[in-house]
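Peer 1:
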Amino acid sequence: MELFWILLFSSLCPLASGQGVYAPANAQIVHSGAACNVKDDNISERIYTIKEGDTLVLQCIVKGHPRPQVRWTKTAGSASDKFQETSIYNETLRIEGIQRVQGGRYYCKADNGVGVAAIKSIRVDVQYLDTPVLTVHQTISDVRGSYYQEKTVFLRCTVNSNPPARFIWKRGSTLIEQSKDNGVDIYEPLYTQGETKVLKLKNLRPKDFADYTCQVSVRNVCNIEDKSVTFRLTNATSPPMIRLSVNDTVVVDPGQDVPLSCDVIAGFPPPNVTWSRYPGLLPLSAQVRGSKLILRAVTPADAGFYNCSAVNNVGNPARKNVNLVVRTMSNLTFQITPDSNKDSETIQMRRDLKLSCHVDATPQDKVNYTWYKNGAPVYNSDSLILLRSDPDMAPGTSSLEIVDMKFRDLATYSCVANFPGSRVPELRVDINISQNSVSPPMLAVPPGGQAVSVREGGTAELACLVVDGKPRPPVLWSRADKDLLMPLGKTMVETPDGRLRLRNVSRDMMGAYRCQTATYNGLNIKRREAQVQLNVLFPPTLDPVFQDVRARNFQTVTLRCAILRWNPPRLTDVRWYRNGDAIRMPMPDLKEVPELKFKLEPTNNGTYECRVSNIAGTSTCTFNVSAQPYNVEFYFDTPNPVRILKGNNYSYNLQWTQKDPEATDRIMGYWIIVRKNKQNLVYTQIDLKGKDPEKGVLLSHTISNLRIPLSYEVHLAPITTYSRGDFVSRIIQYSEPYTYPRPSDHVCGFEDERICGFSQDRSDVFDWTRQNHLTQNPKRSANTGPETDRSGTKEGYYMYIEASRPRVQGDKARLLSPLFNVSSIRGPKGSGRVPYCISFYYHMKGKHIGTLNVLLRVRSIASVDSVMWSRSGHQGPDWKKAFFNITPSGPFQIVFEGIRGQSFEGDIAIDDVSITIGKCKEENTVANAVLIGGSHALPLASWMTFGLSCFLSLLYR
Numbered sequence: 003m004e005l006f007w008i009l010l011f012s013s014l015c016p017l018a019s020g021q022g023v024y025a026p027a028n029a030q031i032v033h034s035g036a037a038c039n040v041k042d043d044n045i046s047e048r049i050y051t052i053k054e055g056d057t058l059v060l061q062c063i064v065k066g067h068p069r070p071q072v073r074w075t076k077t078a079g080s081a082s083d084k085f086q087e088t089s090i091y092n093e094t095l096r097i098e099g100i101q102r103v104q105g106g107r108y109y110c111k112a113d114n115g116v117g118v119a120a121i122k123s124i125r126v127d128v129q130y131l132d133t134p135v136l137t138v139h140q141t142i143s144d145v146r147g148s149y150y151q152e153k154t155v156f157l158r159c160t161v162n163s164n165p166p167a168r169f170i171w172k173r174g175s176t177l178i179e180q181s182k183d184n185g186v187d188i189y190e191p192l193y194t195q196g197e198t199k200v201l202k203l204k205n206l207r208p209k210d211f212a213d214y215t216c217q218v219s220v221r222n223v224c225n226i227e228d229k230s231v232t233f234r235l236t237n238a239t240s241p242p243m244i245r246l247s248v249n250d251t252v253v254v255d256p257g258q259d260v261p262l263s264c265d266v267i268a269g270f271p272p273p274n275v276t277w278s279r280y281p282g283l284l285p286l287s288a289q290v291r292g293s294k295l296i297l298r299a300v301t302p303a304d305a306g307f308y309n310c311s312a313v314n315n316v317g318n319p320a321r322k323n324v325n326l327v328v329r330t331m332s333n334l335t336f337q338i339t340p341d342s343n344k345d346s347e348t349i350q351m352r353r354d355l356k357l358s359c360h361v362d363a364t365p366q367d368k369v370n371y372t373w374y375k376n377g378a379p380v381y382n383s384d385s386l387i388l389l390r391s392d393p394d395m396a397p398g399t400s401s402l403e404i405v406d407m408k409f410r411d412l413a414t415y416s417c418v419a420n421f422p423g424s425r426v427p428e429l430r431v432d433i434n435i436s437q438n439s440v441s442p443p444m445l446a447v448p449p450g451g452q453a454v455s456v457r458e459g460g461t462a463e464l465a466c467l468v469v470d471g472k473p474r475p476p477v478l479w480s481r482a483d484k485d486l487l488m489p490l491g492k493t494m495v496e497t498p499d500g501r502l503r504l505r506n507v508s509r510d511m512m513g514a515y516r517c518q519t520a521t522y523n524g525l526n527i528k529r530r531e532a533q534v535q536l537n538v539l540f541p542p543t544l545d546p547v548f549q550d551v552r553a554r555n556f557q558t559v560t561l562r563c564a565i566l567r568w569n570p571p572r573l574t575d576v577r578w579y580r581n582g583d584a585i586r587m588p589m590p591d592l593k594e595v596p597e598l599k600f601k602l603e604p605t606n607n608g609t610y611e612c613r614v615s616n617i618a619g620t621s622t623c624t625f626n627v628s629a630q631p632y633n634v635e636f637y638f639d640t641p642n643p644v645r646i647l648k649g650n651n652y653s654y655n656l657q658w659t660q661k662d663p664e665a666t667d668r669i670m671g672y673w674i675i676v677r678k679n680k681q682n683l684v685y686t687q688i689d690l691k692g693k694d695p696e697k698g699v700l701l702s703h704t705i706s707n708l709r710i711p712l713s714y715e716v717h718l719a720p721i722t723t724y725s726r727g728d729f730v731s732r733i734i735q736y737s738e739p740y741t742y743p744r745p746s747d748h749v750c751g752f753e754d755e756r757i758c759g760f761s762q763d764r765s766d767v768f769d770w771t772r773q774n775h776l777t778q779n780p781k782r783s784a785n786t787g788p789e790t791d792r793s794g795t796k797e798g799y800y801m802y803i804e805a806s807r808p809r810v811q812g813d814k815a816r817l818l819s820p821l822f823n824v825s826s827i828r829g830p831k832g833s834g835r836v837p838y839c840i841s842f843y844y845h846m847k848g849k850h851i852g853t854l855n856v857l858l859r860v861r862s863i864a865s866v867d868s869v870m871w872s873r874s875g876h877q878g879p880d881w882k883k884a885f886f887n888i889t890p891s892g893p894f895q896i897v898f899e900g901i902r903g904q905s906f907e908g909d910i911a912i913d914d915v916s917i918t919i920g921k922c923k924e925e926n927t928v929a930n931a932v933l934i935g936g937s938h939a940l941p942l943a944s945w946m947t948f949g950l951s952c953f954l955s956l957l958y959r
């Protein structure tokens with residue numbers, strides 16, 4: 003199913019004299035297609051309902067010149083949990099398989115840069131009905147003894163739906179009615195998610211042990227069928243209970259297989275057991291076998307909470323969680339802290355010294371640290387104190403304090419970190435403590451390295467070197483401006499050698515960078531700091547990058563190239579070029595805005611470039627200077643551009659405006675080329691006869707002798723005394739001319755895909771089909787159906803019913819005309835009703851021809867169909883004409899009803915339909931055709947009064 007929604011901007015009024023450029027006007031909403039329901043929410047917005055999973059098509063028909071750009075946006079509706087916005091630049095928005103979260107308010111904005119943009123909105127209401135969920139509960143005070151005997155039980159039925167669902171409860175196949183059974187109570191609880199109805203069984207009786215069905219319905223809206231769920235209540239019914247085979251927390255080594263079992267120990271009906279993980283999904287290597295979960299060769303990425311749930315819709319689900327921890331260990335660092343009480347930065351005898359060791363591990367609290375002195379384990383003593391977790395350091399840090407350091411304490415100390423009993427490799431770091439092995443670091447920037455210059459896009463290296471100090475710590479880099487991040491998005495970057503390498507440098511990376519010594523893998527003392535300035539060189543940024551300059555011949559043209567930014571801020575060269583050749587001129591002042599003045603002549607039109615250089619590179623301002631006139635801008639909103647001519651031909655009223663006609667030499671006329679299949683059919687000049695085009699005023703030219711229903715490619719270019727503009731092309735297509743309900747001369751030949759506003763009846767069995775000789779199935783039945791349309795052309799279309807399979811005898815197809823409002827037409831003097839003539843051609847060839855009926859459907863409180871014309875059986879091989887008079891009492895439609903005969907040789911076709919004001923004449927001329935179709939025809943139209951010069955509104959039902 004597809005839902006169409008159309009926004010029509012501006013009324014279909016004829017243009018006022020001289021009107022051309024104009025902004026999109028206020029909008030009207032019309033609709034077409036198979037919406038579930040359409041209703042007015044207020045005077046400016048409509049609500050469309052559509053079934054979830056169907057295809058939604060929103061179409062925005064807009065008028066304005068130049069042709070407006072259409073943009074679709076959406077804000078969240080009630081079905082969405084947060085604001086959403088999407089933008090689609092197209093007149094048609096198509097959503098395949100629409101979901102409930104895609105409901106909400108859709109906006110169509112049309113803008114062409116003239117005046118105020120036109121905006122219209124519509125609310126899309128997505129209809130759905132989920133399968134209900136039925137759960138059984140019992141009051142807490144009643145949880146003792148036998149679960150359900152002589153207890154009160156609550157059957158809770160919950161469903162998500164739109165619109166709200168209606169609930170029906172059944173015991174077995176019998177409808178439960180609260181008024182007829184004192185043992186039950188049906189009510190809607192408060193504060194529940196979704197829609198819920200509760201069936202309360204008071205003091206269970208033997209007959210209450212039965213099958214219970216909860217049936218939900220949205221009353222067949224959008225053809226959504228009812229859904230139901232059934233639960234069998236017995237005296238054995240009980241909620242689920244589970245037991246895990248492991249502890250709440252499981253710690254394993256990488257590469258291990260981890261089996262988890264979730265055993266059901268109670269519950270009837272038998273619970274359904276599922277496994278899930280938070281955060282994320284179960285690993286790809288996970289294997290689920292019933293209630294068992296096996297994790298193969300786990301990695302640190304598999305760590306997390308694994309949840310086992312058992313559900314049988316009785317009571318609350320049973321849940322158990324397992325926290326899986328995968329051991330990891332990396333980045334072992336050390337710190338040497340001199341006696342902090344003495345504010346010392348070196349190792350000194352008779353003073354305290356602290357050695358610290360930290361490793362990044364999971365789980366951090368399970369790490370075991372072991373200290374060694376010259377390879378021998380260290381134990382607590384008066385001079386050596388071990389701290390398993392140093393409170394003055396980061397969590398998980400172990401320290402060894404050397405009290406009142408003596409010569410015997412000079413040694414190599416080792417810190418070893420491991421997980422006891424684990425296969426994770428241990429990590430070790432050695433710290434050499436001697437009078438010569440430990441000294442504070444010195445940080446220095448190499449000579450000439452305080453400022454580093456690099457071209458944009460190049461690679462830069464910033465250096466801060468530790469020139470002294472033992473052991474040498476790593477160097478940390480950050481931006482001097484704390485609000486700025488490093489290029490990779492980090493606040494700080496570690497470099498082991500003090501050299502920061504930046505690749506693909508951009509101008510936003512320019513600035514000061516701070517380097518400082520780390521307090522780990524060396525002395526834990528005050529950081530040493532320095533700064534390096536990064537200077538990014540880039541060529542000038544110019545304005546404009548490109549500009550189209552139009553002027554009259556023999557006028558002075560001035561070109562300016564503004565310099566916005568550049569680094570270094572000193573220019574090295576400014577040169578002007580025409581068509582790639584340097585222009586000889588005095589060297590310009592490099593401190594002023596580059597400028598070029600010259601007199602435009604037919605010989606010096608072309609491309610001018612201003613090339614501005616500094617030591618970083620060259621940038622260019624480009625100007626396309628020409629006396630060539632601007633391109634035309636086609637006008638796409640011409641009312642009734644098509645006129646029917648004799649001999650199955652038509653003419654097209656081509657309209658356009660000329661952009662800035664006074665910017666160049668006088669426009670004398672236009673060259674026009676009409677092509678079909680890449681062949682020029684017309685190549686001629688349009689003479690303006692001395693009348694100059696005006697800005698924003700429409701120009702017109704009628705192209706005649708075009709063949710119905712072919713389309714053509716039109717090319718148009720302005721002409722001046724010295725030059726011709728570029729050709730601009732568009733496609734002109736034949737469409738059924740749109741006419742207002744007033745005397746006209748149009749017949750609907752179904753040549754346009756919109757089939758003149760006719761629509762298929764949704765209540766019939768199958769549809770009418772639009773076809774011509776070129777689209778016929780080569781395997782079709784040879785003894786039925788027309789070869790061509792009524793005019794005898796292969797390109798001409800007609801409507802027909804296909805009698806082949808799967809059609810069976812008696813199947814009906816109905817084609818509905820637009821809805822005509824007779825209140826817009828006055829009847830003859832002394833008559834309250836207006837006569838109309840219905841005229842058409844029909845083709846009924848074949849030995850199995852069924853029946854063609856033409857009905858009058860009059861709209862009132864209820865629609866009434868009356869058969870006005872009918873034919874059955876074979877009527878010969880030719881097209882035949884039929885007509886009859888009607889005098890409807892209210893808004894009406896004409897219905898063409900085709901009924902399939904006894905077999906496949908029964909195709910019926912119609913063509914050239916007209917509905918005219920007044921009684922049928924003998925030759926049934928169509929001088930008073932009211933309305934069938936056109937380039938602006940829309941389905942199910944209801945036409946308002948046209949006493950004013952144009953329609954004020956169009957109501958589409």
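Position in the sequence shown (first residue = 1) + 2 = this note's numbering.
Even for Gly, the Cβ is constructed at its ideal location relative to N, Cα and C.
What's the call for Ser332, buried or exposed, on a 16-neighbour Cβ count within 10 Å?
Peer 2: Stepping through the sequence shown from its first residue, residue 332 is reached at position 330. Its Cβ having fewer than 16 others within 10 Å, Ser332 is exposed.
Peer 1: Determine the DSSP secondary structure at Ala805, reduced to helix, strand or coil.
Peer 2: Residue numbering aside, residue 805 sits at position 803 when the sequence shown is read from its first letter. Note: Ala805 maps to coil in three-state DSSP.
Peer 1: Could you have a look at Lys229 and say whether DSSP puts it in helix, strand or coil?
Peer 2: By one-based count along the sequence shown, residue 229 stands at place 227. Lys229: strand per DSSP, three-state reduction.
Peer 1: With a threshold of 7 Å, establish whether the CB of Ala413 neighbours any heavy atom of the ligand PLP.
Peer 2: Annotation note on the ligand PLP: not contained in the displayed structure, which lists no ligands.
Peer 1: Sort Pro820, Ile803, Tyr637 by Cα distance to Lys814 and report the nearest one.
Peer 2: In the sequence shown, counting from the first residue as 1, residue 814 sits at position 812. It is Ile803 whose Cα lies nearest to the Cα of Lys814.
Peer 1: Can you give me the Cβ contacts of Trp881 inside the same chain, cut-off strictly under 6 Å, excluding the 5 residues immediately before and after it?
Peer 2: What you label residue 881 is simply residue 879 of the sequence shown in a count that begins at 1. Around Trp881: Arg792, Tyr843, His845.
Peer 1: Should the region 572-587 be regarded as contacting the region 642-653, the criterion being three or more beta carbon pairs within less than 8 Å?
Peer 2: Segments in contact, no.
Peer 1: For Gln657, I'd like the list of residues in its chain whose CB is within less than 6 Å of its CB, leaving aside the five on either flank, ordered along the chain.
Peer 2: The residue you call residue 657 lines up with position 655 of the sequence shown. Excluding sequence neighbours, Gln657 sits near Tyr637, Thr640, Leu700, Ser702.
Peer 1: What is the rounded straight-line gap between the Cα of Val405 and the Cα of Met444?
Peer 2: For the purposes of this step, residue 405 is taken as residue 403 along the sequence shown, with counting starting at 1. For the purposes of this step, residue 444 is taken as residue 442 along the sequence shown, with counting starting at 1. Roughly 27 Å separates the two Cα atoms.
Peer 1: Per DSSP, which residues does Phe600 bridge with? Please list them.
Peer 2: The count along the sequence shown starts at 1 and reaches residue 600 at position 598. Per DSSP, Val559.
Peer 1: Do you know offhand how far Pro879's Cα is from Pro820's?
Peer 2: Taking the first residue of the sequence shown as 1, we reach residue 879 at position 877. Taking the first residue of the sequence shown as 1, we reach residue 820 at position 818. The alpha-carbon atoms of Pro879 and Pro820 are separated by roughly 30 Å.
Peer 1: Just the Cα atoms here: how many angstroms apart are Glu197 and Asn315?
Peer 2: For the purposes of this step, residue 197 is identified with residue 195 of the sequence shown, where counting begins at 1. For the purposes of this step, residue 315 is identified with residue 313 of the sequence shown, where counting begins at 1. Going by the C-alpha atoms only, they are around 17 Å apart.
Peer 1: List in chain order: all unbroken beta strand (DSSP E) runs of 3+ residues lying wholly within the region 101-184.
Peer 2: For the region 101-184, whole beta strand (DSSP E) runs of length 3 or above, ordered along the chain, are 106-113, 120-131, 135-140, 155-161, 168-173.
Peer 1: Please report how far the alpha carbon of Glu87 lies from the alpha carbon of Arg481, in whole angstroms.
Peer 2: In the sequence shown, residue 87 corresponds to position 85, counting from 1. In the sequence shown, residue 481 corresponds to position 479, counting from 1. With a pLDDT of only 43 at Glu87, under the threshold of 50, the placement of this residue in the model should not be trusted; the figure read from the coordinates follows. Each residue's alpha carbon lies about 36 Å from the other.
Peer 1: Can we say the region 388-396 touches the region 292-306, given the rule of at least three CB pairs closer than 8 Å?
Peer 2: Cβ pair count under 8 Å is below three, so no.
Peer 1: Between the region 717-725 and the region 659-675, are three or more C-beta pairs nearer than 8 Å?
Peer 2: Enough Cβ pairs lie closer than 8 Å, so yes.
Peer 1: In the DSSP output, which residue or residues are listed as bridge partners for Met331?
Peer 2: Locating residue 331 in the sequence shown gives position 329, where the first residue counts as 1. Answer is Ala363, bridged to Met331.
Peer 1: Suppose only complete runs of 4+ residues qualify. What are the alpha helix (DSSP H) ranges in the region 521-589, listed by chain order?
Peer 2: The region 521-589 contains no whole alpha helix (DSSP H) run of 4 or more residues.
Peer 1: Since Val856 is in the beta strand (DSSP E), which residue starts that stretch and which ends it?
Peer 2: What you label residue 856 is simply residue 854 of the sequence shown in a count that begins at 1. Unbroken beta strand (DSSP E) run through Val856: 853-860.
Peer 1: Which runs of the beta strand (DSSP E) fall wholly inside the region 438-524 and span at least 3 residues, in chain order?
Peer 2: Listed in chain order, they are 441-446, 453-457, 462-465, 467-472, 477-481, 495-497, 501-504, 513-519.
Peer 1: Inspect the CB distances between the region 512-519 and the region 584-602 and report whether three or more fall short of 8 Å.
Peer 2: Counting Cβ pairs under 8 Å, fewer than three are found: no touch.
Peer 1: Assuming Phe625 contacts Gln687 under a Cβ cut-off of 8 Å, what Cβ separation, rounded to an integer in Å, is found between them?
Peer 2: For the purposes of this step, residue 625 is taken as the residue at position 623 of the sequence shown. For the purposes of this step, residue 687 is taken as the residue at position 685 of the sequence shown. Actually they do not touch by this definition, with Cβ atoms about 31 Å apart.
Peer 1: Grouping DSSP H, G and I as helix and E and B as strand, with all else coil, what is Arg902?
Peer 2: Position 900 of the sequence shown holds residue 902. Looking at Arg902 - three-state DSSP - the assignment turns out to be coil, as it is neither helix nor strand.
Peer 1: Go ahead and pull the three-state DSSP assignment for Lys680.
Peer 2: As a working note, residue 680 is residue 678 in the sequence shown. Of the three classes helix, strand and coil, the one that applies to Lys680 here is coil, per DSSP.
Peer 1: How many Å lie between Gly920 and Pro890 at the Cα?
Peer 2: In the sequence shown, residue 920 corresponds to position 918, counting from 1. In the sequence shown, residue 890 corresponds to position 888, counting from 1. Approximately 12 Å, taken between the alpha carbons.
Peer 1: In the region 397-439, which residue ranges form an unbroken beta strand (DSSP E) of at least 3 residues, counting only runs that do not cross its ends?
Peer 2: Taking only runs of at least 3 residues, the beta strand (DSSP E) segments lying wholly in the region 397-439 are 399-404, 413-420, 429-435.
Peer 1: Helix, strand or coil: which one does DSSP assign to Gly55?
Peer 2: The sequence position of residue 55 within the sequence shown is 53, counting from 1. In the structure shown, Gly55 sits in coil (DSSP, three-state: anything other than H, G, I, E or B).
Peer 1: Between the C-alpha atoms of Ala584 and Ser615, what's the straight-line distance to the nearest angstrom?
Peer 2: Start at 1 with the first residue of the sequence shown, and residue 584 comes out as number 582. Start at 1 with the first residue of the sequence shown, and residue 615 comes out as number 613. Ala584 and Ser615: Cα-Cα distance of roughly 15 Å.
Peer 1: Taking buried to mean at least 16 other C-beta atoms within 10 Å of its own C-beta, is Arg102 buried or exposed?
Peer 2: In the sequence shown, counting from the first residue as 1, residue 102 sits at position 100. Counting Cβ neighbours within 10 Å, Arg102 comes out buried, since at least 16 surround it.
Peer 1: Just the C-alpha distance for Thr659 and Ala665, rounded to the nearest angstrom, thanks.
Peer 2: Within the sequence shown, residue 659 is the residue found at index 657, counting from 1. Within the sequence shown, residue 665 is the residue found at index 663, counting from 1. Cα to Cα, the separation comes out at about 14 Å.
Peer 1: Is the region 239-249 touching the region 184-195, taking contact as three or more C-beta pairs under 8 Å?
Peer 2: Taking 8 Å as the limit for Cβ pairs, the verdict is that the region 184-195 does not touch the region 239-249.
Peer 1: For His876, name the three-state secondary structure that DSSP assigns.
Peer 2: Here residue 876 corresponds to residue number 874 of the sequence shown, with the count starting at 1. Three-state result, His876: coil.
Peer 1: Pull up the distance between the alpha-carbon of Asp228 and that of Pro302, whole angstroms please.
Peer 2: Mapped onto the sequence shown, residue 228 falls at position 226. Mapped onto the sequence shown, residue 302 falls at position 300. The straight-line gap from Cα to Cα measures roughly 48 Å.
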